[in-house]
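Numbered by mature numbering (1 follows the signal peptide of the UniProt record, and there is no 0), the letters in the sequence shown go through residues -21 to -1, 1 to 886 in order.
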Amino acid sequence: MSSFLHVILFLVCIIGSTVYSVDRGNFKTCEQSNFCKRCRSMNKNQKTAFELVPDSVILTDKYFEALISNTNYDDVSLRMRLDGLKDSTLRLRINKDGNQMYNRFQPVHALVSEPITESMIMARNASTVELELSKIIKVYITIAPFKLDVYVNEELTIGVNHDNLMQFEHYRPKPESIADNEIGSWEEYFKEHQDSKPRGPSAVSMDFKLYSSTSLYGLPEHADSLALKGTTGNDPYRFYNLDVFEYELYNGMGLYGAVPFLIGHGKKNSVGVFWLNAAETWVDIAGVKGNTEHTSVVESLVNLVSGSSTEKDIPRAHFISECGIIDFFIMLGPKPLDVTRQYSSLTGTTPLPPLFSLAYHQCRWNYNDQKDVHDVETNFDVNDIPMDVMWLDIEYTDSKKYFTWDPVKFSEPLEMVNNLTSRGRKLVTIIDPHIKRDSNYFLHNDAINNDLYVKNKDGDVYEGWCWPGSSSYLDFMNPKVQDYYASRYSIDNFVGPTEDIFIWNDMNEPSVFNGPEVTMPKDCIHHGGYEHRDIHNIYGLLQVMSTYDGLLKRSNGKKRPFILTRSHFAGTQRFAAVWTGDNMADWSHLKISLPMCLSLAISGISFCGADVGGFFNNPDKELLIRWYQTGAFLPFFRSHAHIDTKRREPWLFDEQTTFLIRDAIRTRYTLLPLWYSLFKNHELTGAPVIRPLFFEFPHEEQLNNIDNEFMVGDILLVCPVLDQNVQELTCYFPGHEEIWYDRDTYQPIKTNGLMKIQAPINKVPVYQRGGTIVPTKQRVRRSSVLMKDDPYTLIVAIDLKAIAKGSLYIDDEESFEYRDGHFIYVEYEYINNQLISKCLHCKDFSTKSWVEKVMIVGIPNVFTKASIQVNGGSLSELSVLYNTHNQVLTVRKPAVGIAQNWTITLL
């Protein structure tokens, strides 16, 4: 079948049909992926192939190094290097010693910088080498067979190669006769596609036993439960970034992103493994208890109490990659937050996003023309619904040529953008990596003339098919391409836009409609001589790095970029937000958005969301309402829909539906100060902005499998309605000495464990943790920029000891000047019947905002008045109002500047 017919059938399938389902036949299983089948078939009882060479051991003040011999090949030796790193982290690398036929790729792009090493102490005997990283961390290396034991406080925490599954296939010429176990190593077919594999077998693998853990998490992106499931008898979890049309739920198929980061959690401590490899990778999981399939809160508790899981098993993971080197990090916690912090110190955190990006976004494929954009954004104002960002999908371009505008439908892009910005809004436009092969298209001509495209195996420019038809793909491995691509975002080159246009990088797995598994052939060639198989999973990361650089240069480094990407890898968080891709208007897809975003958040990518309402199909009113109510509490909050769906702007429904959607969006805007402060804390510490319950309460085993609730920071507990026709649901309230307050009624909940909650259609079950102070803005306007100088209301929720703490971060909401100290940081504490505000950093930035109200929740009715003292001055009396029904004392109009030091005393 011709390439053209492939594309036609693909487009008919996704545009013309109303029945959607993934075609599993388009994507490989482990059995069809030769290297996975080969490495997975290894037996832990087989004769060892890898041994440490005792006489080769070297210990410097920075690392331990030794040779490893392959007993199956006398002429092959590997060089192993172990680094002890700052903050209870280890790094181990294994590569071929000496010259190789081809260089092995190392995706250092994922790392924010070269990790800082710590010195180690070594002792050895005939069979082992002992390394001491600190007084509590010891590593024992067994010489034959080669393996590692990592002890923390004298307890075995993690074992490396304990199951003897290490593999390191070396490049070698194709022999005249191929052994049965290497069939497919030099050539492989999938459907009608041939992978020539000219370099032969090159797989690497390693197994890990997580002795101190009972549950495993991470390994995004998969549409699966938060707690990883055992893969025995099924395919392993797959990392191969793909455009999976209508992805299925609760399986380990590869999706748009690959973050090979694993967290093991147990009652005593947590650990992490980061497998730094950009090639196709499969991960087998075994030994996990109680999560062989998706379980609800109630089911997971039943499993725990009944002891039905195999508690004697030790959780273990077997990483298998097609090529590259063995390069992994071990993070030793001890708490889940510590593990994510240690991982984030390696791969980076999300720079503080511009505030507008944390507000509400409106998108569909596609808004028809400039008038349509104007009408939609105007109707948000007419219906009193705030909105910060309008989005344009591929139809805004001139015939799918990116960095251009349709000359009829979008003939005045600057006028359109200025209309938006005059109302405090922004525009996001889509820019995909495929380039239309059109001799009248400047970008294609530049790419041909300057050799900027990826090549096929024969050295010619690779041609595939995507939205424009015949397309070629920029080679982002090439520094020349990176610079050129960044330059396209300048105002001089991208005709029409201003600094208020931001970017959506989509289809960047890369998606190739007529390619094997709907992507680029593995034997294509990139800059540096690397095959596509070497770098596949970072192709999207390389694109967003160039986009980020372009947006940064566009403003001379002054304005914070905002980018959304579909393809992602470890480190993507430094450049872009992520969403869960082409989901469906179905309750199951609403439900899966929580574990998908939670898995990403604990793996460094906090800025995550899902298309509100579902991308495919048409949600009914109940589903749409519940999705808005849930999406308002995920970091990235965007409505998006397929070109074939009915229009679903919030005012196109009945009065109740519009009212409830408006209420959900307005709730998001009242909480923007909290979201902004949490993202600032994430940038500084790596703490996930949203997180699973067990992250905050690691000693409660009952929480390990819960993924239909989550925390916003360590402050809000969100228990959204995720099922149809639900008026009541069961929520789990963690913490043995915690009190939780309903955000709507402020009624206290002192239960630890399961509790039935009433949840009518107008109810979003969200609870503020006792002991916290939440800054809010109650004056909701059409966009966040118009709320910049508005006053704050502080919600003070006291704990069982009548204490509460909180903080507030403020800056100009759009520039990088905060990195030069231009910001305000305030800490609040309620103790001994006093609310104390201390501005810990107030220089070089000013704000007109003030405190208009303080609500103290959970306080007894013993106070009748209050006084305020500002900057140590005289006392002034304040009026108070007490609600006996919910025990809320309101201090009205303190009228004090947000950056001033003050104390409110209850009398």
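Cβ coordinates follow ideal geometry from the N, Cα and C atoms, glycine included.
{"Check": "Given this structure, state the Cα-to-Cα distance separating Pro447 from Arg641, to the nearest angstrom.", "Outcome": "37 Å"}
{"Check": "Less than 8 Å between the C-beta atoms of Ile137 and Asn345, yes or no?", "Outcome": "no"}
{"Check": "Return the CA-CA distance between Arg512 and Asn220, expressed in angstroms with no decimal places.", "Outcome": "11 Å"}
{"Check": "Just to confirm my understanding: we take Asn862, look at its own chain, exclude 5 residues before and 5 after, and list those with CB closer than 6 Å. What are they?", "Outcome": "none"}
{"Check": "Excluding sequence positions up to five away, which residues of its chain have a Cβ less than 8 Å from the Cβ of Ser156?", "Outcome": "none"}
{"Check": "When you compare only the Cα positions, how much space is there between Lys459 and Tyr432?", "Outcome": "11 Å"}
{"Check": "Pull the bridge partners of Phe169 from the DSSP assignment, please.", "Outcome": "His172"}
{"Check": "Is the segment 678 to 688 touching the segment 198 to 205, taking contact as three or more C-beta pairs under 8 Å?", "Outcome": "yes"}
{"Check": "Out of curiosity, what's the CA-to-CA distance linking Asp317 and Tyr381?", "Outcome": "42 Å"}
{"Check": "Quick check on Asn140: does DSSP put it in helix, strand or coil?", "Outcome": "coil"}
{"Check": "For the alpha helix (DSSP H) containing Phe382, name the first residue and the last one.", "Outcome": "Counting along the chain, Phe382 falls outside any alpha helix (DSSP H), and DSSP gives it neither H nor E."}
{"Check": "CB-CB under 8 Å to Asn704, same chain, minus the five flanking residues each way: which ones, in chain order?", "Outcome": "Glu601"}
{"Check": "Looking only at its chain, what residues have a beta carbon closer than 8 Å to the beta carbon of Gln608, apart from the 5 residues adjacent to it on each side?", "Outcome": "Leu639, Ala643, Pro699, Val700, Val743"}
{"Check": "Would you list the residues sitting across from Arg103 in a DSSP beta bridge?", "Outcome": "Val108"}
{"Check": "Which stretch, first to last residue, makes up the alpha helix (DSSP H) that contains Ile644?", "Outcome": "634 to 649"}
{"Check": "Which residues mark the beginning and the end of the alpha helix (DSSP H) in which Phe298 is found?", "Outcome": "Premise fails: Phe298 lies in the beta strand (DSSP E), 295 to 300, not in any alpha helix (DSSP H)."}
{"Check": "Excluding the 5 residues flanking Thr869 on each side, which residues of the same chain have their C-beta closer than 6 Å to its C-beta?", "Outcome": "Met834, Leu860"}
{"Check": "Excluding five sequence neighbours on each side, which residues of the same chain lie with their C-beta closer than 6 Å to the C-beta of Asp693?", "Outcome": "Glu675"}
{"Check": "What is the DSSP secondary structure of Ile115, reduced to helix, strand or coil?", "Outcome": "coil"}
{"Check": "Are at least three pairs of beta-carbons, each pair with one atom in the segment 94 to 106 and one in the segment 544 to 555, less than 8 Å apart?", "Outcome": "no"}
{"Check": "Would you mind stating whether Ile847 and Val875 have Cβ atoms separated by less than 8 Å?", "Outcome": "yes"}
{"Check": "Chain E beta carbons: is any one of them nearer than 8 Å to that of Tyr119?", "Outcome": "Judged by its chain identifiers, the structure shown contains no chain E, having just a single protein chain."}
{"Check": "Going by CA-CA distance only, name the one from Pro500, Gln461, Lys501, Gly507 that's closest to Asp528.", "Outcome": "Gln461"}
{"Check": "Can the beta-carbon of Ala338 be found less than 8 Å from the beta-carbon of Tyr648?", "Outcome": "yes"}
{"Check": "Take Gly507 and list the residues in its own chain whose beta-carbon comes closer than 7 Å to its own, dropping the five residues that flank it on each side.", "Outcome": "Met456"}
{"Check": "Identify, in the order they occur along the chain, each residue of the same chain with its Cβ nearer than 6 Å to the Cβ of Phe673, setting aside the five sequence neighbours on each side.", "Outcome": "Leu682, Asn683"}
{"Check": "Would you identify the three-state DSSP class for Val183, choosing helix, strand or coil?", "Outcome": "strand"}
{"Check": "Check each candidate in His678, Leu653, Thr751, Ser585 and name the one with the smallest Cα separation from Arg670.", "Outcome": "Ser585"}
{"Check": "Among the candidates Ala123, Pro332, Leu453, whose CA atom is the shortest distance from the CA of Val108?", "Outcome": "Ala123"}
{"Check": "Does the segment 152 to 170 come within contact of the segment 211 to 231, defined as at least 3 CB pairs closer than 8 Å?", "Outcome": "no"}
{"Check": "So, using beta-carbon positions, are Leu857 and Tyr807 closer together than 8 Å?", "Outcome": "no"}
{"Check": "Can you name, in chain order, every residue of its own chain whose Cβ lies under 6 Å from the Cβ of Ala45, other than the five neighbours on each side?", "Outcome": "Leu31, Ser35, Val36, Met59"}
{"Check": "Quick one: measure Cβ to Cβ for Thr27 and Arg320, integer angstroms, because I've assumed they're closer than 8 Å.", "Outcome": "Contact doesn't hold; Cβ gap of about 36 Å is too wide."}
{"Check": "Nearest to Ser618 by alpha carbon, out of Gly593, Asn731, Lys114, Thr826?", "Outcome": "Gly593"}
{"Check": "Go through its chain and collect everything with a Cβ distance to Leu234's Cβ below 8 Å, but skip five positions before and after it.", "Outcome": "Glu200, His201, Ala202, Asn220, Leu221, Val223, Tyr226, Gly560"}
{"Check": "Relative to the C-alpha of Cys576, which residue among Val867, Pro667, His297, Pro365 is closest?", "Outcome": "Pro667"}
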